[in-house]
Each structure stands twice: as C-alpha cells, then as structure tokens.
Amino acid sequence: MALPKQHRLRHHKEFAAVYRYGDRCASTHLSMRGLKPGFINASVNSPTRLGISISQKVSKRAVVRNRLKRQISAALYQLLPRLSQGWWLVISVRANAVECEYGQFLRELEDMLEKLEVIR
Numbered sequence: 020m021a022l023p024k025q026h027r028l029r030h031h032k033e034f035a036a037v038y039r040y041g042d043r044c045a046s047t048h049l050s051m052r053g054l055k056p057g058f059i060n061a062s063v064n065s066p067t068r069l070g071i072s073i074s075q076k077v078s079k080r081a082v083v084r085n086r087l088k089r090q091i092s093a094a095l096y097q098l099l100p101r102l103s104q105g106w107w108l109v110i111s112v113r114a115n116a117v118e119c120e121y122g123q124f125l126r127e128l129e130d131m132l133e134k135l136e137v138i139r
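Be aware that the sequence shown starts at 20, since it is given in this note's numbering, and climbs by one per residue.
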C-alpha cells in the first residue's frame, strides 16, 4: 500500500536537504537519514514525510527494486501512526536487501526510528 501523498517527499530539493543536514542511522539492509522538525522547511506541526531511495546497484531488474520499495512502503504505512510530527526521512536500500523479507524490514525500520527518536 502506498503512503498518502501528504506523507511523501516528492522533490529533489527535499531529498537533498535531508541528505545534507539529516542525522544518519543504519542497519544490515537499510540506512536512514532524518531531518528534525523545525530545520529548514519542515515545520513542527506538519506530518512526517518519507522518501525511499533504491539504486540500480541493489538490482538491475526494476521488478526487484519495485518489490522492495513496496515492502518498505507497507512497513512504513504500518508504523506511520506512531511517528512524531514534522520529520523528513529518507530510507536508502542496501544491496544485500534483495533476500530480506517484510518482517525483517519492519523490525529494522522500527529500530532505526527509535534510534533517531522519531517514534513516540
């Protein structure tokens, strides 16, 4: 299930701001950068916005990359009600994520969100 439009990062400038100023956190299959509320354009009362970045280094096949993106998006959709307001987050997929399952993505995302203190 896709994330609602209000919860998506859509523009290159938003991704660039998160990559430049955001805090880092990593796990075995994923890495995450998060931009705190109130920094640059992210206001404290706006909804948390998310982006997923997956390179062709992960897989040359678009089918595989899209499947991974859908699994991560579904896991984020499940965690969305627990997230604090105003964060901008970018999740990058690592090359070894091809053999990862949905449950593993959910656990890793939850751990990383706790490390960045995004989950309430």
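From the three backbone atoms N, C-alpha and C, an ideal C-beta is built for every residue, glycine too.
Can you check whether the CB of residue j is closer than 8 angstroms to the CB of residue i?
{"i": "LEU28", "j": "GLY70", "result": "yes"}
{"i": "GLY140", "j": "LEU135", "result": "Coverage of the chain is limited to positions 20 through 139, which leaves residue 140 absent and any answer about it impossible."}
{"i": "GLU129", "j": "SER46", "result": "no"}
{"i": "LEU49", "j": "ARG113", "result": "yes"}
{"i": "ARG68", "j": "HIS30", "result": "no"}
Residue i to residue j, Cα distance in whole Å?
{"i": "LEU102", "j": "GLU33", "result": "19 angstroms"}
{"i": "SER111", "j": "PRO100", "result": "21 angstroms"}
{"i": "TRP107", "j": "ASN64", "result": "12 angstroms"}
{"i": "VAL109", "j": "LEU95", "result": "11 angstroms"}
{"i": "GLY105", "j": "MET51", "result": "16 angstroms"}
{"i": "LYS76", "j": "GLN123", "result": "21 angstroms"}
What residues in its chain sit with their C-beta under 6 angstroms from that of residue i, if we drop five residues either side in the sequence?
{"i": "LEU132", "result": "ILE138"}
{"i": "LYS163", "result": "With the chain covering only 20 through 139, there is no way to say anything about residue 163."}
{"i": "ILE59", "result": "ALA36"}
{"i": "PRO66", "result": "GLN25 and HIS26"}
{"i": "CYS119", "result": "HIS48"}
Quick one: what's got a C-beta closer than 7 angstroms to residue i's C-beta in the same chain, skipping five residues either side?
{"i": "SER78", "result": "ARG84 and VAL117"}
{"i": "ILE73", "result": "ARG84, LEU87, LYS88 and VAL112"}
Residues in the same chain with beta-carbon distance under 8 angstroms from residue i, minus the five sequence neighbours each way, listed in chain order, please.
{"i": "ASN115", "result": "THR47 and HIS48"}
Would you call the region 73 to 90 in contact with the region 37 to 47, where contact means no fewer than 3 C-beta pairs closer than 8 angstroms?
no
Within the region 21 to 94, note down every full beta strand (DSSP E) run reaching 3 residues or more, in order along the chain.
42 to 45, 49 to 54 and 68 to 72
Output the residue ranges of the alpha helix (DSSP H) runs that lie fully inside the region 107 to 134 and measure 4 residues or longer, sorted by chain position.
List check, alpha helix (DSSP H) in window: 121 to 134.
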